[in-house]
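Novice: So the protein lines, in turn, are chains A and B.
For what it's worth, this note's numbering labels the leading residue of the first sequence as 2, then goes sequentially.
For what it's worth, this note's numbering labels the leading residue of the second sequence as 19, then goes sequentially.
Glycine residues also receive a C-beta, built at the ideal position from the N, C-alpha and C atoms.
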Amino acid sequence: MAKSSIKIRAKTKKGVTTVKALMTHPMETGGRKDKKTGKLIPAHYIQEVVCKHNGTTVLTANWSGGVSKNPYVSFKLAGGAKGDSIEISWSDNKGGSGTQTAKIK
Amino acid sequence: MSTDMKRRIFLKGSLAASAVGVAAGAGLLMPQQVLAAWPKAAFEAKSIPDALNALMGSGDTTTSDKIKIKAPDIAENGAVVPITVESSMEGIESMAIIASANPVPLIASFNLSGSAMGFVSTRIKMGKTGDVVGVVKAGGKLYSASKGVKVTIGGCGG
Numbered sequence: 002m003a004k005s006s007i008k009i010r011a012k013t014k015k016g017v018t019t020v021k022a023l024m025t026h027p028m029e030t031g032g033r034k035d036k037k038t039g040k041l042i043p044a045h046y047i048q049e050v051v052c053k054h055n056g057t058t059v060l061t062a063n064w065s066g067g068v069s070k071n072p073y074v075s076f077k078l079a080g081g082a083k084g085d086s087i088e089i090s091w092s093d094n095k096g097g098s099g100t101q102t103a104k105i106k
Numbered sequence: 019m020s021t022d023m024k025r026r027i028f029l030k031g032s033l034a035a036s037a038v039g040v041a042a043g044a045g046l047l048m049p050q051q052v053l054a055a056w057p058k059a060a061f062e063a064k065s066i067p068d069a070l071n072a073l074m075g076s077g078d079t080t081t082s083d084k085i086k087i088k089a090p091d092i093a094e095n096g097a098v099v100p101i102t103v104e105s106s107m108e109g110i111e112s113m114a115i116i117a118s119a120n121p122v123p124l125i126a127s128f129n130l131s132g133s134a135m136g137f138v139s140t141r142i143k144m145g146k147t148g149d150v151v152g153v154v155k156a157g158g159k160l161y162s163a164s165k166g167v168k169v170t171i172g173g174c175g176g
């Protein structure tokens, strides 16, 4: 699952940059049972998400399995100009990770 | 089950009051957690004060009207509940989203730095009807606000 799996939209308006990101991930809590076998599905979820603006970390998110499948996250930055880079990376409890960079529009 | 239900209602009614009491007790029992990359203890905690204590060093929150939680009144699908926590406070260090009725109450925490503003939005799972609590740490203090969300189909079971 180490493929790049993040979609990022970043837009700046009136001095505020809104970043929206969508990641592809199963986000298994570990508390769910497989209906066919009755066994617990092992936990597999994103634990940490780091968002960088022009290389500076602006947001670090720590998640549990309580975040929905294919997680969506949005945040706002004061300032930010068109063409600035936004980098988002995640890592999960099984050692998987993903990174994506986008430019502010 | 019925006692559990009563307990749930009781918890809801006196969330703020009980949070203070339990936090004081938890503070004595739990050693200060060394902050790792991922706060394991906070996500393993079964109660909100325990989780906050492990995450932010205190389980004591003050209710604030400067925190806005945007969540649906009724969530048809508990697997995907859009939540937005917004605050106009100055000096926000971190924000957390908690679903009080979930087996693991602490869902997400966001550490803000640099130019990040007091706004985070995400989608969470909710096992059953309960309060969504938004906690904001600003200037070393914890503030919270909550909003009840009615879940018609739970999102945690299989």
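Roughly how many angstroms lie between the CA atoms of B/V138 and A/K106, to the nearest whole one?
Specialist: Going by the C-alpha atoms only, they are around 20 angstroms apart.
Novice: Interface residues of chain E around B/I142 at Cβ under 8 angstroms?
Specialist: In the structure shown, chain E does not exist; the protein chains are A and B.
Novice: Show which residues of chain A have a CB atom less than 7 angstroms away from the CB atom of B/A134.
Specialist: Result: V59, L60, F76, L78.
Novice: Using CA atoms only, rank isn't needed, just tell me which of B/E104, B/A72, B/V99, B/I66 is closest to B/S82.
Specialist: The residue with the shortest Cα to Cα distance from B/S82 is B/E104.
Novice: Please work out which residues of its chain come closer than 6 angstroms, Cβ to Cβ, to B/K86, disregarding the five sequence neighbours upstream and downstream, and give them in chain order.
Specialist: If we look at B/K86 and ignore the five residues flanking it on each side, its Cβ neighbours are E104.
Novice: Per DSSP, what kind of secondary structure is B/E62 in: helix, strand or coil?
Specialist: B/E62 falls in the helix class under three-state DSSP.
Novice: So who's on the other strand from A/D93, going by DSSP bridges?
Specialist: Answer by DSSP bridge pairing, in chain order: A/I47.
Novice: For B/S162, which of B/A72, B/I92, B/S131, B/M107 has the nearest alpha-carbon?
Specialist: Taking only the C-alpha atoms, the option nearest B/S162 is B/M107.
Novice: What's the C-alpha gap between B/A69 and B/K146?
Specialist: Cα-Cα distance, rounded: 19 angstroms.
Novice: Locate the beta strand (DSSP E) running through B/P100, then write down its first and last residues.
Specialist: B/P100 -> beta strand (DSSP E) spans 99-105.
Novice: Would DSSP call B/M113 helix, strand or coil?
Specialist: DSSP places B/M113 in strand when its eight states are reduced to three.
Novice: Quick one, which of B/V151, B/I66, B/K143, B/G77 has its alpha-carbon nearest A/R1's?
Specialist: Residue 1 of chain A cannot be examined here, being either before or after the span of chain A that is shown, 2 to 106.
Novice: Can you confirm whether A/Q101, when its beta carbon is compared against all beta carbons of chain B, has any partner nearer than 7 angstroms?
Specialist: Not one chain B Cβ lies under 7 angstroms of A/Q101.
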